[in-house]
Amino acid sequence: MAVRAVRGAVQVAADERELVLAGTTELVVALFEANSLTPDDVISMVFTATPDLTSEFPALAARELGLADTPLLCAAEIGKADALPRVVRILAHVETMRSKQEVRHVYLGGAAALRRDIAQ
Numbered sequence: 001m002a003v004r005a006v007r008g009a010v011q012v013a014a015d016e017r018e019l020v021l022a023g024t025t026e027l028v029v030a031l032f033e034a035n036s037l038t039p040d041d042v043i044s045m046v047f048t049a050t051p052d053l054t055s056e057f058p059a060l061a062a063r064e065l066g067l068a069d070t071p072l073l074c075a076a077e078i079g080k081a082d083a084l085p086r087v088v089r090i091l092a093h094v095e096t097m098r099s100k101q102e103v104r105h106v107y108l109g110g111a112a113a114l115r116r117d118i119a120q
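Every letter in the sequence shown is one number past the one before it in our numbering, and letter 96, counting from 1, is 96.
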């Protein structure tokens with residue numbers, strides 16, 4: 001098995017706790033499905049949120065999906081004036097048999113505009 005980094009992002013409609021958790025849940029599930037991952041494959045996950053998202057820690061969604069013993073970290077993105085608003089990003093470190101080229105990064109909703117070159 002190799003250690004690989006998997007990226008993803010989702011744009012949520014508003015800074016509301018339920019929307020942040022729902023969007024993050026959708027993103028984590030999509031990353032798992034796109035890369036055939038299970039919670040045991042995940043080494044760690046770093047979540048970032050744009051400065052306009054403060055209603056909930058995105059990592060809580062991963063905890064609620066069963067990643068209770070996985071190291072998770074939340075951080076704030078840099079507040080760049082022209083940045084896409086209301087975005088949660090994930091950088092997951094996973095164990096997988098996939099090559100670097102086979103890893104599927106997932107960008108959902110408006111966040112697909114961030115990385116059209118690698119978004120699935």
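Ideal Cβ positions, reconstructed from N, Cα and C, are used throughout, including at glycine.
For Glu33, there is no enclosing beta strand (DSSP E); the enclosing alpha helix (DSSP H) covers residues Arg17 to Ala34.
Check the Cα spacing between Gly66 and each of Asp41, Arg4 and Glu56: the tightest is with Asp41.
Bridge partners of Val10 according to DSSP: Val88 and Leu108. For Thr24, the CB contacts under 6 Å within the same chain, skipping 5 residues up- and downstream, are Pro58, Ala61 and Val88 in chain order.
DSSP places Glu95 in the strand class (E or B) of the three-state scheme. Of all C-beta pairs linking the stretch 89-105 to the stretch 11-19, fewer than three are shorter than 8 Å, placing the two stretches out of contact. Boundaries of the alpha helix (DSSP H) harbouring Ala62: Ala59 to Glu64, taken from the DSSP string.
Of the other Cβ atoms in all chains shown, 16 or more fall within 10 Å of the Cβ of Glu56; this residue is therefore buried.
For Leu72, the uninterrupted beta strand (DSSP E) run begins and ends at Leu72 to Ala76, by DSSP.
Straight-line spacing of the CA atoms in Asn35 and Ala81 works out to 33 Å. Arg116 counts as exposed, since fewer than 16 other C-beta atoms from the protein chains shown sit within 10 angstroms of its C-beta.
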